[in-house]
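So the protein lines, in turn, are chains A and B. Okay, so the first sequence: first residue is 11 according to this note's numbering, each after it adds one. Okay, so the second sequence: first residue is 706 according to this note's numbering, each after it adds one. By construction, the Cβ of each residue, glycine as well, lies at the ideal position given by its N, Cα and C atoms. In what follows, a single structure is set out as structure tokens and then discussed.
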Amino acid sequence: MEKKKTKQFKIFRFNPKTDKRHYFDTFDVPYEAGMTVLQALNYIQRNLDGSLAYRSSCREGICGSCAMHINGKYCLACETQVIHVKGTVTIRPMAHLDIIKDLVVDMNPFFEKLKAIKPYLIPGDPDEGAERIQTQDERAYLNTLVDCILCGACYASCAVNGFDEDYLGPAALAKVNRFFMDSRDKADEQRLALVSDEHGVFRCHTLFNCQVVCPKNVNPTANIANLKRQIIARSLTVKFSKKGM
Amino acid sequence: MGNRGRNVGLAFHWYLQRITAIILMIGLFVHFYVIHFTIDRPITFEKVQARLLSPGWLIFDSILLIAVIYHALRGFYNVICDYNPRESVKKIVSWCLTVLGIFLIIYGIYILIPFTQVGGV
């Protein structure tokens with residue numbers, strides 16, 4: 011029987027309760043075509059080192075739990091094939107978030123910011139129990155915008171989040187645009203006011219990191235650009251079409 | 706998370722910096738082309754004066770001067786803000802840069818004046 015090939019995994023390790031500083035552990039993992047980085051992590055945890063901590067759930071790119079830094083890029087471990095990663099697979103946790111243990115980070119700041127932008131529909135008029143009608147075109151426009159799985163890859167890849175802890179971040183700002191562009195939402199001014207301060211859209215340096223790493227092609231950069239355009243247009247009292255994005 | 710609210714001034718400055726960037730892109734190209742390719746060497750006071758006696762060129766250079774100073778100082782202020790300083794530091798930096806900007810614009814225009822007077826000053 012043919013012996014399986016092995017791949018070297020270099021994994022970031024840090025336990026704030028016991029370690030003074032982080033270090034990397036190296037593991038050799040047997041792999042074959044089709045194996046994902048997440049499966050490799052499962053292998054390591056079950057066979058080589060049971061103390062390795064990481065998050066995962068759905069294993070199919072839907073839950074967004076397993077976002078991590080793999081060989082220089084933030085991506086979902088469950089969507090990254092081992093065979094496609096060249097050389098040693100180096101895995102680090104997501105940046106700009108406190109480490110709880112190894113690859114597990116504290117996502118609270120990320121979700122606090124998401125909560126701050128009111129990530130729900132604000133219809134404006136009283137609910138009369140009737141459906142809020144939306145045309146197929148209006149809904150089709152939201153197709154990509156609603157795909158965000160809140161993995162946080164954009165947040166970790168954004169350099170601005172590194173030095174401004176109050177910056178809302180690409181995911182929250184893209185979510186503002188998602189509701190702003192929704193024809194049923196009537197809180198335009200409220201939403202734009204939430205993101206037009208110095209920790210909002212104008213702090214974005216348009217680095218495109220968030221666009222590159224987003225596993226769902228949400229393109230936060232374009233969403234942020236649309237919000238900037240809308241704020242400027244309203245400041246100049248020019249009415250732009252919401253579909254000007 | 707601090708209080709969030711509309712900041713019209715921020716939007717205005719952001720927009721103005723984009724507008725001055727466009728002015729700089731076009732203006733600097735014209736400036737370099739005129740200085741390096743249309744004036745015979747050596748460049749003398751008289752040759753520059755001959756160009757600046759035209760009101761069009763004077764307006765062009767004045768706009769370029771204001772755009773360069775605004776764009777550079779606002780960019781510098783943004784770099785400072787990226788380091789997330791205290792509100793008081795931001796205010797001091799903002800005032801200092803405003804004073805510096807006004808001084809540089811007045812000084813720049815003051816330098817242009819001799820070129821606009823026939824026979825020099």
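Can you check whether the C-beta of residue i is within less than 7 Å of a C-beta belonging to chain A?
i	result
B/Leu715	yes
B/Trp719	yes
B/Asp787	yes
Short check: CB of residue i to CB of residue j, under 7 Å?
i	j	result
A/Phe173	B/Trp719	no
A/Pro180	A/Cys161	no
A/Leu48	A/Ser75	no
A/Asn9	A/Lys111	Outside the shown range of chain A, which is 11 to 255, sits residue 9 of chain A, and nothing can be said about it.
A/Thr100	A/Lys20	yes
A/Gln18	A/Asp38	yes
A/Val205	A/Val222	no
B/Ile744	B/Lys752	yes
A/Asn219	A/Cys168	yes
B/Ile785	B/Val804	no
A/Ile241	B/Ala716	yes
B/Tyr775	B/Leu802	no
A/Leu62	A/Pro225	no
A/Tyr33	A/Leu51	no
A/Arg142	A/Phe22	no
B/Leu757	B/Phe820	yes
A/Asn233	A/Ala184	yes
A/Tyr84	A/Ala182	no
A/Val170	A/His215	yes
Can you check whether the C-beta of residue i is within less than 7 Å of a C-beta belonging to chain C?
i	result
A/Glu208	No chain C appears in the structure shown, which is made up of the protein chains A and B.
Mind checking if residue i is an interface residue toward chain B, Cβ cutoff 7 Å exclusive?
i	result
A/Ser245	yes
A/Ile159	no
A/Asp198	no
A/Phe19	no
A/Asp174	yes
A/Phe212	yes
A/Ile242	yes
A/Ala235	no
A/Met255	Per-residue confidence for A/Met255 stands at a pLDDT of 45, beneath the threshold of 50, marking its modelled position as unreliable; no derived number is given.
Please name the residue in the options whose C-alpha comes closest to that of residue i.
i	options	result
B/Val773	B/Thr749, B/Ala716, B/Arg723, B/Leu715	B/Arg723
B/Glu818	B/Phe742, B/Trp762, B/Phe737, B/Ile744	Reading off the sequence, residue 818 of chain B comes out as Ile, not Glu. Here the closest residue by C-alpha is B/Trp762.
A/Lys128	A/Thr216, A/Lys226, A/Leu202	A/Leu202
A/Ala105	A/Thr90, A/Arg31, A/Glu122, A/Ala77	A/Ala77
A/Glu42	A/Gly82, A/Val92, A/Leu155	A/Val92
A/Leu152	A/Val95, A/Lys96, A/Asp195	A/Asp195
A/Arg188	A/Leu124, A/Arg244, A/His215, A/Lys83	A/Leu124
A/Leu265	A/Phe190, A/Arg102, A/Gly97, A/Thr216	Because chain A in this structure spans residues 11 to 255, residue 265 of chain A falls outside the shown range and cannot be described.
A/Cys73	A/Glu89, A/Gly82, A/Glu175	A/Glu89
B/Asp787	A/Phe22, A/Asn227, A/Glu175	A/Glu175
A/Arg244	A/Thr216, A/Cys214, A/His215, A/Gln200	A/Gln200
A/Gly82	A/Thr98, A/Glu122, A/Lys27, A/Arg69	A/Thr98
A/Gly71	A/Phe121, A/Thr46, A/Val95, A/Asp192	A/Thr46
B/Ile810	B/Ala777, B/Asn789, B/Arg791	B/Ala777
Return yes when the C-beta of residue i is under 6 Å from any heavy atom of the ligand ADP, and no when it is not.
i	result
A/Lys125	The model depicted lacks the ligand ADP and carries no ligand whatsoever.
Exercise for review: Would you be able to state if there are at least three C-beta pairs under 8 Å between the segment 200-216 of chain A and the segment 236-248 of chain A?
Suggested key: yes
Check your understanding: Per the contact definition of three or more C-beta pairs closer than 8 Å, is the segment 762-773 of chain B in contact with the segment 729-740 of chain B?
Key -> yes
Check your understanding: Are three or more beta carbon pairs between the segment 104-120 of chain A and the segment 134-146 of chain A nearer than 8 Å?
Key -> Counting Cβ pairs under 8 Å, fewer than three are found: no touch.
Check your understanding: Three or more beta-carbon pairs under 8 Å between the segment 44-60 of chain A and the segment 138-152 of chain A, yes or no?
Key -> no
Practice item. Could you pull out every unbroken beta strand (DSSP E) segment of at least 3 residues lying fully inside the segment 736-797 of chain B, listed in chain order? Key: none
Practice item. Could you name each continuous alpha helix (DSSP H) segment of 4 residues or more that falls completely within the segment 29-64 of chain A, going from the start of the chain to the end? Key: 47-53
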